[in-house]
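Asks: Residue 113 in UniProt numbering sits at position 113 of the sequence shown; the count goes up by one each step and never skips. Ideal Cβ positions, reconstructed from N, Cα and C, are used throughout, including at glycine.
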Amino acid sequence: QERLHESILGVGGPGGLWHFIYRSMYFDQYVSSEFSSPISDHRQQKRLYRAYEKVYASMHNTVNGHHKTQFKRDENYVLLCWITQDFELIAAFDPLADKALAIRICNRVCQWVKDVEN
């Protein structure tokens with residue numbers, strides 16, 4: 001099985017991808033990365049999942065309409081959520097991550113998943 005090379009993603013560290021969840025709408029399946037060292041214990045993982053839930057819910061907010069992308073920065077993470085008709089992706093980065101770098105990394109994750117699907 002192919003693996004996403006850590007040097008491409010910059011896993012961990014400033015600007016690095018800490019975790020992602022990708023959902024293929026066509027296959028109705030999820031792909032998730034392992035947690036990197038900043039999110040090592042169960043409590044930190046649970047906090048990240050709660051942050052994912054909040055961002056995901058705001059993407060589907062019927063009052064303000066649906067959004068396709070959202071970039072959110074707080075003291076714990078940078079979260080990037082991207083929803084299309086083909087997939088949904090939510091990713092957590094180091095809180096110092098650059099927006100342009102986060103977008104490039106998410107594009108690479110999506111391309112990698114599509115390559116594996118084919």
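Go ahead and label V116 buried or exposed: buried means 16 or more other beta carbons lie within 10 angstroms of its beta carbon, across all protein chains shown.
Replies: Exposed, since its Cβ has fewer than 16 Cβ neighbours within 10 Å.
Asks: Check whether the stretch 76-91 touches the stretch 45-57, taking contact to mean three or more Cβ pairs, one atom from each stretch, closer than 8 Å.
Replies: Yes, since at least three Cβ pairs between the stretch 76-91 and the stretch 45-57 fall closer than 8 Å, the two stretches touch.
Asks: Just the Cα atoms here: how many angstroms apart are Y56 and R108?
Replies: Each residue's Cα considered, the two are about 21 Å apart.
Asks: Please name the residue, chosen from E34, S24 and A92, that lies closest to Q70 on a Cα-to-Cα basis.
Replies: Per the Cα distances, A92.
Asks: Entirely within the stretch 53-104 and at least 3 residues each: give me those beta strand (DSSP E) ranges in chain order.
Replies: Runs of the beta strand (DSSP E) inside the stretch 53-104: 69-73, 78-83 and 87-93.
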